[in-house]
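Written out below as structure tokens is the structure these notes cover.
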Amino acid sequence: MMKLLLINPPRMIYANDPLRCGTPLGLLSLAGQVKRELPDVQVSLIDAVVEGSGREMIKPGIFRHGLVGDALKARIREARPDVVGIGNIFTAEWLNAAYCARAAKEVSGDATIVLGGHHPSFEPEFMLKNAPADFVVLGEGERPFVELLKTLGAGGRNGAQSGIRGLAYLSEGSLVQTGMGPKAASIDDLADPQFDLLIPGNYGPSTNHSGGVIGGPAALIDLSVSRGCPNACNYCTTSSMWGRRIRAFSPDRIRAQVQRISELGFDHACIEDDHVLLLPRESRDALFCALKRHSIPWCIDAGTYYPLLNKEFVEEAARAGCYKIAVSFEHPLLETMRGENKYHDVASQDDVRKKIREACTLLKNSGIAFYAAMMVGFQNETMETLKLVREYARMIVGLGAQFATFFYWKPLPGTADYARHAHLIREEDSWKASPEKWLLVKPIIEPEGMTIPEMTGFVEEMSLEVNGHPNTLISPDWK
Ligand code: B12
Ligand code: SF4
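Here you go:
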């Protein structure tokens, strides 16, 4: 019987930051698909972010946190895997994915090592040359991964897999790629994530990324019931990874998934769909109703495109138990956002102001707490544009937001911005040399009109003034 071990690598963390762990939904989905199509394969999971609390220093003040070192190796050895699948959705975590691959190679030398996720999907050659991995799965992983396991199970290893779409590997030192993985026409064609691989007690409020969780939950889980985004913003990998069509689970599938997480003991959920506001009506209703029926309080953490927020949505969400929404107000200068291929449906700068006011007022009146995710540091940033950010941040907090976080724009591999601006990144700031800088609260590229110290100085002052605390990813009420 083939043994498959899936690993969510330990996390990069700055000394004083909280852990901010999430749920490895991609690995759970792969596990579910393998269970459905290859029931003889024995699947296990190491979520190294939460299964240990070791810390190894990567650089002064920066640590690899979780199950690390000999403890990680012991767990891998114990699993006796034939195949090790390692998730790497964040560019900032490539070093930790490579670390897991090295650990697996050391203690399970015969195992085939496979990487997948957003980062290796767009940087397969670098990853294959900097981690002892045999394959990278490109894009949506379920189909190519199952095909690869079938081929490996049949004894194929060198070249026999070349007919599989969605793979990258090295052949005599040269990269071979077979295109992005084929996307399921409907995600209902895919199996449910195998939630029962999680140990709910590992996902308590003290480590979760949600922050300020109400009601003393026992275990928190991320949920995502759709894939894809029609927008294709220049700084985002979502559309190139998942496609521009939103594919959502059907109501029955959503109800079954919520029931399953409830049965397992998860009593809090964080919705991570890129576009909750664009979910098909029936999927959205099913999600809201199921969460309410199972008395699961929930928040929305990923994508809330505020121009689409409306009274009906907000009131329904509040009635269904939504208590907090992260709203991406991004950069308030319309010209900047248009340059990123976004906000084409917002007519003017006055309209930006009007829609932001409306969104804040709706949320405030509904009783749903909200905070603002704002973006700074685009190439055209100047003192004047930063003053505009400050004016809007003051307005948003004045209208009831808990706080505003200021993310620095950075061109992630796989985005249009990367193709356009990667040459501006200094070698020492690159994700290859300094992956920890790619966690969005550090700037990478100097704007044309100001220096990095001028920009960070302004942002820090702005955060102190608007929030009363330095600029971090976290709210003051973080537990
Ligand atoms: C939930 C989420 C989070 C959660 C954490 C989730 C977690 N698992 O730990 C939180 C809120 C903490 C978070 C934080 C950040 N996030 Co985030 N997040 C997401 C989000 C919205 C959903 C991820 C998800 O669950 N997807 C659903 C599952 C099914 O997909 P998946 O995990 O990608 O897996 C599939 C494939 O990738 C592949 N695959 C994945 N692993 C493997 C492994 C193998 C072996 C194989 C074969 C295939 C495979 O197959 C899977 C099934 O098809 C994505 C956007 C998106 N829609 O994908 C952004 C995203 C992953 N985040 C992103 C970023 C930038 C960040 C931050 C850096 C931002 C910040 N604020 O600092 C931080 C970094 C966190 C860190 N390292 O510490 C980027 C990453 C891009 C990049 N190259 O880095 C994304 C893609 C958003 C975007 N479009 O730009 N995030
Ligand atoms: S930033 Fe949001 S709206 Fe833009 S492409 Fe990504 S998911 Fe879509």
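Residue numbers for the sequence shown follow this note's numbering, so the first one is -15 and each next one is one higher.
All residues carry an ideal CB built from backbone N, CA and C; glycine is no exception.
Here the structure is a predicted model, which is why all the values come from computation and not from measurement.
Could you tell me if the beta carbon of cysteine 217 falls within a distance shorter than 8 Å of some heavy atom in the ligand SF4? Indexing the sequence shown from 1 puts residue 217 at position 233. Yes; taking the cut-off as 8 Å, the Cβ of cysteine 217 has a heavy atom of the ligand SF4 nearer than that.
Comparing the CB of aspartate 401 with every heavy atom of the ligand SF4, is any distance shorter than 8 Å? Counting from one through the sequence shown, the residue named residue 401 turns up at place 417. For the ligand SF4, not one heavy atom lies less than 8 Å from the Cβ of aspartate 401.
Note down the Cα distance separating threonine 389 from cysteine 273, rounded to an integer number of angstroms. Start at 1 with the first residue of the sequence shown, and residue 389 comes out as number 405. Start at 1 with the first residue of the sequence shown, and residue 273 comes out as number 289. Each residue's alpha carbon lies about 31 Å from the other.
Which ranges does the beta strand (DSSP E) cover as unbroken runs of at least 3 residues, wholly within the segment 368 to 427, from first to last along the chain? 388 to 392
Cβ of alanine 302 within 9 Å of Cβ of threonine 288? Looking up residue 302 in the sequence shown gives position 318. Looking up residue 288 in the sequence shown gives position 304. In this structure, threonine 288 does not lie closer than 9 Å to alanine 302 by Cβ.
According to the neighbour-count rule (16 or more other Cβ atoms, all chains shown, within 10 Å of its Cβ), is arginine 228 buried or exposed? The sequence position of residue 228 within the sequence shown is 244, counting from 1. It is exposed - the Cβ of arginine 228 has fewer than 16 other Cβ atoms within 10 Å.
Given this structure, state the Cα-to-Cα distance separating leucine 99 from isoleucine -9, to the nearest angstrom. Within the sequence shown, the letter at position 115 stands for residue 99. Within the sequence shown, the letter at position 7 stands for residue -9. Looking at the two C-alpha atoms, the distance is approximately 10 Å.
Go ahead and label leucine 346 buried or exposed: buried means 16 or more other beta carbons lie within 10 angstroms of its beta carbon, across all protein chains shown. Here the question's residue 346 lines up with position 362 in the sequence shown. Leucine 346 comes out buried.
Quick check on tyrosine 289: does DSSP put it in helix, strand or coil? Numbered from its first residue, the sequence shown carries residue 289 at position 305. In the structure shown, tyrosine 289 sits in coil (DSSP, three-state: anything other than H, G, I, E or B).
Whole-Å CB distance - methionine -15 paired with leucine 133, under 8 Å assumed: Position 1 of the sequence shown holds residue -15. Position 149 of the sequence shown holds residue 133. Wrong, their Cβ atoms sit about 12 Å apart, outside the cutoff.
Whole angstroms are fine: how far does the CA of arginine 410 sit from the CA of serine 234? Mapped onto the sequence shown, residue 234 falls at position 250. Mapped onto the sequence shown, residue 410 falls at position 426. Rounded to whole angstroms, serine 234 to arginine 410 spans 46 Å at the Cα level.
For the pair the segment 430 to 443 and the segment 244 to 258, tell me if three or more CB-CB distances fall below 8 Å. no
Only counting the same chain, and skipping five residues up and downstream in sequence, which positions put a Cβ closer than 6 Å to that of methionine 446? Residue mapping note: residue 446 aligns to position 462 of the sequence shown, counting from 1. Within the same chain, methionine 446 has close Cβ partners Arg374.
With 16 other Cβ atoms within 10 Å as the buried cut-off, status of asparagine 364: As a first step, residue 364 must be located in the sequence shown, where it is residue number 380. Per the 10 Å Cβ criterion, exposed.
Quick one: what's glycine 38 bridged to in DSSP? Reading the sequence shown from its first residue, position 54 is the one you call residue 38. BP columns for glycine 38 point to Gly50.
Report the rounded CA-to-CA distance for isoleucine 183 versus aspartate 66, giving the unit in angstroms. The residue you call residue 183 lines up with position 199 of the sequence shown. The residue you call residue 66 lines up with position 82 of the sequence shown. Cα-Cα distance, rounded: 23 Å.
Measure the CB-CB distance between threonine 456 and valine 425 and report whether it falls below 9 Å. The count along the sequence shown starts at 1 and reaches residue 456 at position 472. The count along the sequence shown starts at 1 and reaches residue 425 at position 441. Their beta carbons are under 9 Å apart, which means threonine 456 touches valine 425 by this criterion.
Is the beta carbon of methionine 254 sitting closer than 9 Å to the one on serine 332? Taking the first residue of the sequence shown as 1, we reach residue 254 at position 270. Taking the first residue of the sequence shown as 1, we reach residue 332 at position 348. The residue asked about is misnamed: residue 254 is cysteine in this sequence, not methionine. No; because the gap between Cβ atoms is not below 9 Å, this pair is not in contact.
Say the cut is 8 Å; is the CB of glycine 361 nearer than that to a heavy atom of the ligand SF4? In the sequence shown, the residue the question calls residue 361 occupies position 377. It does not: the Cβ of glycine 361 is nowhere closer than 8 Å to a heavy atom of the ligand SF4.
Under 8 Å, with one C-beta from each stretch per pair, do the segment 23 to 33 and the segment 102 to 120 reach the 3-pair mark? no
Are the CB atoms of histidine 328 and tryptophan 282 nearer to each other than 9 Å? Here residue 328 refers to the residue found at position 344 of the sequence shown. Here residue 282 refers to the residue found at position 298 of the sequence shown. No.
Quick check: the Cα distance between threonine 96 and phenylalanine 129, rounded to an integer number of angstroms? Position 112 of the sequence shown, counted from the first residue, corresponds to residue 96. Position 145 of the sequence shown, counted from the first residue, corresponds to residue 129. Threonine 96 and phenylalanine 129: Cα-Cα distance of roughly 12 Å.
Does at least one heavy atom of the ligand B12 sit under 8 Å from the Cβ of arginine 4? Walking along the sequence shown from the start, residue 4 turns up at place 20. Answer for arginine 4: yes, Cβ within range of the ligand B12.
Alpha-carbon spacing of proline -6 relative to arginine 48, whole angstroms: What you label residue -6 is simply residue 10 of the sequence shown in a count that begins at 1. What you label residue 48 is simply residue 64 of the sequence shown in a count that begins at 1. Near 6 Å, if we compare the C-alpha coordinates of arginine 48 and proline -6.
So within the segment 118 to 167, which uninterrupted beta strand (DSSP E) runs reach at least 3 residues, ignoring any that extend past its ends? 119 to 121, 151 to 155 and 158 to 161
Closer than 8 Å: is that where the CB of aspartate 285 sits relative to any heavy atom of the ligand SF4? Stepping through the sequence shown from its first residue, residue 285 is reached at position 301. No; taking the cut-off as 8 Å, the Cβ of aspartate 285 has no heavy atom of the ligand SF4 nearer than that.
Does any heavy atom of the ligand SF4 sit closer than 8 Å to the C-beta of cysteine 344? Residue mapping note: residue 344 aligns to position 360 of the sequence shown, counting from 1. It does not: the Cβ of cysteine 344 is nowhere closer than 8 Å to a heavy atom of the ligand SF4.
Pairwise C-alpha distance: aspartate 1 and alanine 343: For the purposes of this step, residue 343 is taken as the residue at position 359 of the sequence shown. For the purposes of this step, residue 1 is taken as the residue at position 17 of the sequence shown. Going from the Cα of alanine 343 to the Cα of aspartate 1 covers about 30 Å.
Given a cut-off of 9 Å, decide if leucine 12 and leucine 29 are closer than it, judged by their beta-carbon atoms. Here residue 29 is taken as the residue at index 45 of the sequence shown, counted from 1. Here residue 12 is taken as the residue at index 28 of the sequence shown, counted from 1. Yes, the Cβ-Cβ distance between leucine 29 and leucine 12 is below 9 Å.
Give the range of the beta strand (DSSP E) segment to which leucine 9 is assigned. To locate residue 9, count along the sequence shown from 1; it is residue 25. From DSSP, leucine 9 is part of no beta strand (DSSP E) but of the alpha helix (DSSP H) over 9 to 21.
Pair every Cβ in the segment 146 to 156 with every Cβ in the segment 209 to 225, then say whether three or more of these pairs are closer than 8 Å. no
For phenylalanine 354, which of helix, strand or coil comes out of DSSP? Locating residue 354 in the sequence shown gives position 370, where the first residue counts as 1. Of the three classes helix, strand and coil, the one that applies to phenylalanine 354 here is strand, per DSSP.
Report the partner residues of glycine 100 according to the DSSP bridge assignment. For the purposes of this step, residue 100 is taken as the residue at position 116 of the sequence shown. Answer by DSSP bridge pairing, in chain order: Gly71 and Val121.
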